[in-house]
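A short worksheet on the structure shown next.
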Amino acid sequence: MPKKATSISVFMERNDEIVDLFNGVKFTWKLVAKHIPSTYIRTPGSNRHDYPTLKSEIRYYELRFHARHKDMVFTQYLPHVMEKAKEARQNQKPLKLFTLSDQRVIGIRGSAWQSVNLDHPATFDTLAMDEDAKNAIVEDLERFVARKDLYRKVGKAWKRGYLLYGPPGTGKSSLIAAMANYLRFDVYDLELTDVRSNSFLRKLLISTANRSILVVEDIDCSLELHNRLTKTPKPQGPAHEFHNQQPQVTLSGFLNFIDGLWSSCGDERIILFTTNRKDKIDPALLRPGRMDVHIHMSYCTPSGFKMLASNYLGEGVAAHPLFPQTLDLMQTSKVTPAEVGELLLKNEDSQSALQSVIQLLLDKNRGENHECKAVQGECSQTFENKSLD
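With the sequence shown counted from 1, adding 1 to any position gets you my numbering.
What follows is the structure in structure tokens.
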């Protein structure tokens with residue numbers, strides 16, 4: 002296998018045969034190679050001798066089956082083969098991560114996106130999440146990709162919306178990468194602050210490919226798409242001209258982008274938002290049909306820690322004497338998977354790694370208890386002051 006190859010390729014030699022069974026029926030494929038005899042070509046008006054062409058051959062696949070299975074071949078077997086070939090091509094192509102191109106050169110080069118290979122190692126097998134939550138996400142993804150005909154039947158665009166919310170460091174980006182690797186979907190990272198208008202937003206949408214994930218991170222911090230109940234004063238004075246030069250993507254334009262007529266321009270797409278503060282997002286963005294699945298990315302749980310410890314320290318770490326104590330402390334501490342992963346990465350052996358995690362959890366618990374006492378003291382002082390009045 003070549004050094005840079007990531008998979009093994011298998012080829013058929015001339016006149017090789019392969020037998021395939023489909024629904025109990027035998028089909029035989031043969032690679033047929035036929036030589037084409039040499040011919041002679043004379044250039045018109047030339048007195049030179051004729052020159053023979055190079056020998057060549059034609060190759061094609063021959064499919065043999067019993068005549069009574071002819072209908073099955075055209076209605077079931079060949080569509081099945083084509084679908085499997087499509088899946089194989091999808092699995093072989095490298096995943097891409099797309100970001101916005103410089104808007105000043107889009108008119109020259111024509112493409113609104115530029116890409117690099119996405120080689121993120123995250124998978125659902127290594128993700129530090131609750132097992133039930135992971136299984137639910139995988140099942141939802143599988144249902145989505147398998148229901149093309151149902152989406153068309155009920156008149157819905159073949160897309161799915163996901164909202165990932167929770168504190169920083171809880172694995173939102175890793176989950177996105179795991180979803181992309183699982184589905185073999187390219188990822189489009191959309192930075193809304195770089196989008197200058199609703200029309201440009203539509204241009205971006207129609208230039209994304211099918212079988213892709215469109216990601217808008219920190220949606221609560223993007224432009225002014227916050228809750229419309231919050232009044233935002235309009236700028237006055239000299240700064241007003243500068244304000245008008247800022248990106249002008251409106252909430253209505255964005256809603257049409259994810260759920261209007263333009264959202265149906267393409268198939269098999271996932272639109273994914275992330276946020277640290279779900280309560281800061283306008284409710285119009287969160288309803289079903291826009292964000293269909295809300296996934297809470299919580300602090301590290303005992304189940305998540307088991308996966309982290311197994312990834313970093315090996316499966317045998319569960320037998321370490323300090324492991325049960327670590328799990329007990331994990332139930333009452335607010336620590337992110339990123340914090341735990343950093344400690345596990347710094348320590349090479351299980352003993353020092355678990356000791357470091359235990360110390361972190363104890364420090365977190367002490368800090369939380371101190372904050373609770375401080376809050377209780379403030380409440381008590383307020384009550385006393387009101388009593389004196």
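Cβ atoms here follow ideal geometry from the backbone N, Cα and C, with glycine treated the same way. Remember, predicted model here, so these are calculated numbers, not experimental data.
May I have the straight-line CA-CA distance separating residue i from residue j, to the nearest angstrom?
i	j	result
phenylalanine 145	glycine 170	28 Å
tyrosine 78	lysine 27	11 Å
glycine 368	glutamine 352	24 Å
aspartate 21	arginine 65	11 Å
lysine 31	arginine 60	10 Å
alanine 123	tyrosine 313	14 Å
proline 168	lysine 335	10 Å
alanine 319	aspartate 190	38 Å
valine 216	arginine 153	24 Å
serine 311	phenylalanine 125	14 Å
leucine 286	leucine 256	7 Å
isoleucine 214	arginine 197	22 Å
phenylalanine 23	lysine 149	24 Å
leucine 330	leucine 142	33 Å
arginine 105	glutamate 192	Residue placement at arginine 105 is poorly supported in this model, since its pLDDT is 48, which falls under 50; the coordinates are not used for a value here.
isoleucine 109	phenylalanine 186	For isoleucine 109, the pLDDT reaches just 47, beneath the cut-off of 50, and the residue's location in the model is therefore unreliable, although a value from the coordinates is still provided. Roughly 28 Å separates the two Cα atoms.
arginine 15	threonine 29	15 Å
leucine 323	glutamate 349	16 Å
glutamate 316	glutamine 356	18 Å
leucine 151	lysine 94	28 Å
With burial defined as no fewer than 16 other Cβ atoms inside 10 Å of the residue's Cβ, what is the status of residue i: buried or exposed?
i	result
valine 188	buried
alanine 89	exposed
proline 284	exposed
methionine 180	buried
threonine 391	Lying before the first or after the last residue shown, residue 391 is absent from the chain, which here runs from 2 to 390.
valine 117	exposed
serine 10	exposed
alanine 137	exposed
tyrosine 62	exposed
phenylalanine 201	buried
aspartate 221	buried
valine 341	buried
alanine 178	buried
phenylalanine 99	buried
glycine 254	buried
My output table needs one value for residue i: the three-state DSSP class, helix, strand or coil.
i	result
leucine 128	coil
threonine 337	coil
arginine 270	strand
lysine 154	helix
arginine 367	helix
valine 11	coil
threonine 251	coil
threonine 29	strand
asparagine 118	strand
serine 381	Any reading at serine 381 must be qualified, since the residue scores a pLDDT of 40, below 50, and its modelled position is unreliable; no value is offered.
phenylalanine 324	helix
Does the beta-carbon distance from residue i to residue j come in below 7 Å?
i	j	result
arginine 288	isoleucine 259	no
lysine 97	arginine 270	no
aspartate 219	leucine 101	no
phenylalanine 338	glycine 172	Per the sequence shown, residue 338 should be read as proline rather than phenylalanine. Taking 7 Å as the Cβ cut-off, proline 338 and glycine 172 qualify as a contacting pair.
leucine 345	alanine 354	yes
alanine 113	serine 208	yes
leucine 206	phenylalanine 274	no
lysine 85	tyrosine 166	no
glycine 393	asparagine 199	In the structure as shown, the chain starts at 2 and stops at 390, and residue 393 therefore has no counterpart that could be examined.
threonine 327	isoleucine 282	no
asparagine 293	glycine 162	Here residue 293 turns out to be aspartate, not asparagine, going by the sequence shown. It is a contact, given that the beta carbons lie within the stated cut-off.
Pick out whichever of the options has its Cα sitting closest to the Cα of residue i.
i	options	result
arginine 57	Gln360, Ala34, Cys266 and Leu362	Here residue 57 is serine; the residue named in the question, arginine, does not match the sequence. For serine 57, the nearest C-alpha among the options comes from Ala34.
glutamate 343	Val82, Ala319, Pro325 and Cys301	Cys301
leucine 128	Lys149, Thr29, Gly305 and Gly267	Gly305
asparagine 182	His36, Gly315, Asn92 and Lys347	Asn92
valine 250	Pro80, Lys204, Phe324 and Ala86	Lys204
glutamate 132	Lys307, Glu316, Ile177 and Gly317	Lys307
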